[in-house]
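Note that our numbering has the sequence shown beginning at 886, numbered continuously upward. Presented below is the structure to which this report refers.
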Amino acid sequence: MNTAALLFRSSRGGAPPLPLSAALAQGLAPDGGLYVPGSWPRLTAADFSGAAGLAEVGGRLLAPFAAGDALAPRLQQILNEAFNFPAPCVALDTDGRLAVLELFHGPTAAFKDFGARFLAGAFTRLRAPGARPLTILVATSGDTGGAVAAAFHGRPGINVVVLFPKGLVSRTQERQLTCWDGNVRSLAVRGTFDDCQRLVKEAFLDTQLRAGTELSSANSINLGRLLPQSVYYAASSLAILREHGEPASFIIPSGNLGNALACLWARQVGLPIADVVLAHNANRSVPDYLQSGEWQPRASIATLASAMDVGNPSNLERLRALYPQLAGLRAAVSAVTVSDAQIRERIRQGYAQYGQIWCPHTATAAEAWQRLPQALRAARRWVLVATAHAGKFPEIVEPLIGRAVPVPPSLAALFARPTHSVEVDASLASLRAVLEEQS
Ligand SMILES: *Cc1c(COP(=O)(O)O)cnc(C)c1O
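This is the structure we're talking about:
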């Protein structure tokens, strides 16, 4: 294993490479690009022998990325604290060739708890005593904001501003975005998720704003969100390899592609991962790109799987940085698009066939599996990535399965809190006014 410092470079190549903690603090690279590993550590299954549990697997996986960095001595502690809930991989078929990786056992019942909690732990430990307060900007299509708010709520010296598209997240999601107080504020932006994301990017590139307020991001553009998500791919693929002697293939409900990149990075490092399928909703920029070879970002459209309503995924830059040639990209991943009608049908079938209650996002992955050629289904060990608990989407799921969805206790506690948010226009001037008022 290489113990020299590993540096992260900008996907646009116009900014100096940085070690992990500096890249986390920057969020977006100064040239507008996203940080990606400048070189790849190589690990084999043997490097994980004896590692039990997510936090321990995470320590072995992330140590080479943190080598030589200020975070290195604190990495295991951050992981122990952040990854304190399980990510079980539940077999569905009688022959066990299909499984569901449940990433929804954290405080806000979606996979984003993993990255948000890791980032909160890292930021807290990286802050110098007596430093200026840090403001974390986060654009959310539904689950990010809730996870980040929960992870940072009550942390001293850190403020959080959550931007979500007004009226375009589910009622229950909106409750999770707006049930905070103290150091967390929620902005209902009159626009789409893409507008929210654009505003965050503009804020970071605004030198005047940055002079007055210390900004950082907690979106999946932040390396500190993305990198720790590799851990559950490592842990589940290693468990499948140990048990069955085969690599795992993942079908990932995708929007901004942060979760998918985490899987591809785990495979790049050497984890036993075979095929990776990106399941998109009707926002089909990525499936169309793989098919046509032409990148055409689009405005996002509203679907049942609203956390995936992204027309211009920012992590596409990381995908292209990893596979610069179209042929290489096509060999590395495939992508499908799933309509709302198909999502509904898959939620019904999942309950009827397997007794599973899937959220609309998870149902896109189940639909993608259903569409695989029979021979390919039989040739791999497929893992559907369950990105959220169905209890976050009762309005959609309950009528389809004809019963109430149990709400996990952590969510029930959030739902009991009073809500508040401020409505703003989708303009940098409006965001600036809010930020300047806060600092
Ligand atoms: C955010 C989210 C997704 C999409 O993940 P990306 O990393 O943006 O591709 C899918 N499902 C749920 C439930 C989410 O919250």
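C-beta atoms are modelled at their ideal positions from N, C-alpha and C, and glycine is treated no differently. Source: prediction; values computed, not measured.
query	result
For residue 1211 and residue 1201, I'd like the C-alpha separation in whole angstroms.	13 Å
Can you check which of these residues, 952, 965 and 988, is closest to residue 1117 by C-alpha distance?	988
Could you tell me if residue 1180 is buried or exposed, where buried requires 16 or more neighbouring beta carbons within 10 angstroms of its beta carbon?	exposed
Residue 1092 by DSSP, collapsed to three states: which one?	helix
Please report the distance separating the alpha-carbon of residue 1138 from that of residue 1271.	8 Å
Report the rounded CA-to-CA distance for residue 1266 versus residue 1250, giving the unit in angstroms.	14 Å
Going by the beta-carbon positions, is the gap between residue 1282 and residue 1232 smaller than 8 Å?	yes
Locate the alpha helix (DSSP H) running through residue 1129, then write down its first and last residues.	1108-1129
With contact counted as at least three CB pairs below 8 Å, one residue from each stretch, are the stretch 1017-1031 and the stretch 1256-1263 in contact?	no
Mind pulling the beta strand (DSSP E) runs of 3 or more residues that sit fully within the stretch 1128-1186?	1133-1138 and 1158-1165
Identify which residue in 1318, 1321, 1314 and 1300 has its Cα closest to the Cα of residue 1063.	1300
Which of the three DSSP states is assigned to residue 993 in this structure?	coil
To the nearest angstrom, how far is the alpha carbon of residue 1235 from that of residue 972?	20 Å
Counting only runs that start and end within the stretch 939-969, where is the alpha helix (DSSP H) found for 4 or more residues in a row?	939-951 and 960-967
Between 1055, 970 and 927, which lies nearest to residue 1000 when the distance is taken from Cα to Cα?	970
Can we count residue 995 as close to ligand 1, meaning its CB is less than 7 Å from some heavy atom?	yes
Just reading off the beta strand (DSSP E) that residue 1247 is part of, what are its end residues?	Looking at the DSSP string, residue 1247 is not in any beta strand (DSSP E); the run it does join, the alpha helix (DSSP H), is 1245-1256.
For residue 982, which of 1034, 1126, 1191 and 1018 has the nearest alpha-carbon?	1126
Got a sec: does ligand 1 put a non-hydrogen atom nearer than 7 Å to the Cβ of residue 838?	Limits of the chain in this structure are 886 at one end and 1324 at the other, which puts residue 838 out of reach.
Out of 1298, 1058, 968 and 1268, state which residue places its alpha-carbon closest to the alpha-carbon of residue 1110.	968
Counting C-beta neighbours from all protein chains within 10 Å, is the total for residue 1314 16 or more, i.e. buried, or is it exposed?	exposed
Could you spell out the range, first to last residue, of the beta strand (DSSP E) harbouring residue 902?	That residue, residue 902, is in no beta strand (DSSP E); it is neither H nor E in DSSP.
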